[in-house]
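Chemist: Sequential numbering of the sequence shown, starting at 256, is according to this note's numbering.
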Amino acid sequence: MIIVMNGKTDDADVEKVIHKLYEMGHKVHISRGERRIILGVIGDVENLASVPFYAFNGVEEIIRIVKPYKLASREFKDFDTIIKVKDVIIGGKEVIVMAGPCVIENEKQIFETARYVKASGAKILRGGAFKPRTSPYSFQGLGEEGLKLLAQAGEETGLAVVTEVMSVNQIELVGKYTDIFQVGARNMQNFVLLKELGKTKKPILLKRGLSATIEELLLSAEYILSQGNYEVILCERGIRTFENYTRNTLDLSAVPVLKRLSHLPIIVDPSHATGRWRLVSPMAKAAIAVGADGLLIEVHPDPRSSLSDGAQTLRLDTFTQLMKELSPIAQAVGRELGTSAENDLERMKN
Ligand code: PEP
Ligand code: MN
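1) Starting from the Cα of Thr455, find the closest Cα among Leu480, Ala440, Lys579 and Gly439 and give me that residue.
2) Starting from Phe308 and walking both ways along the alpha helix (DSSP H), at which residues does that stretch end?
3) Cβ of Tyr485 less than 8 Å from any chain C Cβ?
4) Note the first and the last residue of the continuous alpha helix (DSSP H) segment covering Thr412.
5) According to the Cβ coordinates, are Leu507 and Ala542 closer than 8 Å?
6) Let's test the definition: count the other Cβ atoms within 10 Å of the Cβ of Met279 and tell me whether it reaches 16, buried, or not, exposed.
7) For the ligand PEP, any of its heavy atoms closer than 7 Å to the Cβ of Glu419?
8) Once you ignore the five residues that flank Ala528 on each side, which residues in its own chain have a CB closer than 6 Å to its CB?
9) Run the proximity test for Cys490: is its beta-carbon closer than 7 Å to any non-hydrogen atom belonging to the ligand MN?
10) Gly288 to Asn312, Cα distance in whole Å?
11) Flag His527 as yes when its Cβ comes closer than 7 Å to any non-hydrogen atom of the ligand MN, and as no otherwise.
12) Is Asp564 a contact residue of the ligand MN, with contact defined as CB to any heavy atom under 7 Å?
13) What's the C-alpha gap between Ser457 and Leu550?
14) Go ahead and pull the three-state DSSP assignment for Glu360.
15) For the beta strand (DSSP E) containing Glu470, name the first residue and the last one.
16) Which residues does DSSP pair with Arg319 in a beta bridge?
17) Would a C-beta distance cut-off of 8 Å place Gly346 and Asp335 closer than the cut-off?
18) DSSP state of His518, grouped into three classes?
19) Below 8 Å on the Cβ atoms is my guess for Ala585 versus Val350; work out the distance and round it to an integer in Å.
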């Protein structure tokens with residue numbers, strides 16, 4: 256249930272309603288907009304039926320949210336969630352590009368990639384240190400050593416960093432180095448992990464499961480939000496279909512659908528979605544055209560020697576070219592992308 260109050264209501268009057276809800280045994284989630292203040296009450300609200308909320312100053316409407324996810328829904332918040340990481344704004348006018356290798360391999364690889372993607376206009380550096388590999392015999396990542404290198408490369412370039420956390424017992428360690436926790440597709444329904452991440456104070460990049468519906472993705476986001484962490488970035492990364500030319504099928508319609516259903520920012524990962532580097536560029540462009548707030552792209556100085564996902568990884572120069580081509584598309588849909596990038600690239604060449 257949500258209680259909608261007028262945005263100009265005195266704090267003391269808002270407090271009275273919150274107090275009443277606490278008194279009746281409920282946890283309250285507050286979303287303050289300019290026009291409206293929304294109090295979200297989750298769970299069994301049966302005992303509130305007899306409370307005359309309309310008699311409280313400022314209360315305008317009481318709505319029952321029928322969708323299974325509540326805090327993630329547009330009903331709960333009628334303006335877009337904006338997430339600030341260092342000086343990067345995710346979910347605003349600028350389309351944010353997160354780029355980097357699938358897996359952190361060594362100092363040279365991650366620093367070279369970091370400098371290059373930064374100069375091309377990327378705002379966030381990605382790289383895995385704990386990798387959820389399909390085969391137990393594939394390279395599993397450098398662990399803490401990789402996290403250290405990622406954090407150092409982020410620090411040197413001024414890029415924020417994102418990396419995957421695979422289990423509850425990794426949260427503390429990964430949290431020491433990362434700005435954003437990534438939950439991989441294979442862990443989208445690891446509810447224990449989601450709940451624990453909901454207790455942290457860092458943004459969560461939540462990737463859609465390999466065969467998860469949009470509603471299931473939003474319910475997973477709800478797990479995080481329900482614990483008090485409202486900073487969730489959704490990520491469409493392709494789903495399993497009968498088509499096997501591509502690694503997955505990129506469900507681009509998920510972007511406008513999620514924009515309609517939820518206030519959370521949504522980014523697209525054309526690398527894991529297609530599994531083929533030649534398809535990354537066209538699908539990245541399409542993602543921006545349909546309203547994505549950002550992209551997650553795998554980039555490596557030498558994809559042929561990459562220890563993971565080389566076939567879908569862009570070379571540094573191909574990435575730069577893509578960034579140039581994305582900018583006019585962003586502009587065409589009223590967004591911005593990599594504004595200072597060209598100057599930075601020029602400076603790097605000199
Ligand atoms: C990744 O982004 O590093 C990754 C493993 O992707 P996904 O979880 O979407 O397969
Ligand atoms: Mn990968």
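A virtual CB, placed ideally from N, CA and C, is assigned to each residue, including glycine.
Modeler: Straight from the coordinates:
1) If we check each option's Cα against that of Thr455, Leu480 comes out closest.
2) From DSSP, Phe308 is part of no alpha helix (DSSP H); its letter is neither H nor E.
3) Included in the structure is just one protein chain, with no chain C present.
4) In the DSSP assignment, Thr412 falls within the alpha helix (DSSP H) that extends over Glu399 to Thr412.
5) Contact: yes.
6) Classification for Met279: exposed.
7) Yes.
8) Non-local beta-carbon contacts of Ala528 in its own chain, meaning distances under 6 Å to residues more than five positions away in sequence, involve Arg492, Gly493, Asn503 and Leu505 in chain order.
9) No, the beta carbon of Cys490 sits no closer than 7 Å to any heavy atom of the ligand MN.
10) Cα-Cα distance, rounded: 17 Å.
11) His527: yes, Cβ under 7 Å from the ligand MN.
12) Remark: the C-beta of Asp564 is in contact range of the ligand MN, defined as less than 7 Å to any heavy atom.
13) Note that residue 457 is Lys in the sequence shown, not Ser. Computed Cα separation, rounded: 19 Å.
14) DSSP places Glu360 in the coil class of the three-state scheme, outside both helix and strand.
15) First-last for Glu470: Ile469 to Leu480, but that is the alpha helix (DSSP H), not the beta strand (DSSP E).
16) Answer is none; Arg319 lacks a bridge partner.
17) Closer than 8 Å, so yes.
18) Three-state DSSP puts His518 in coil, outside helix and strand.
19) With 8 Å as the limit, Ala585 and Val350 qualify as a contact, their Cβ atoms being about 5 Å apart.
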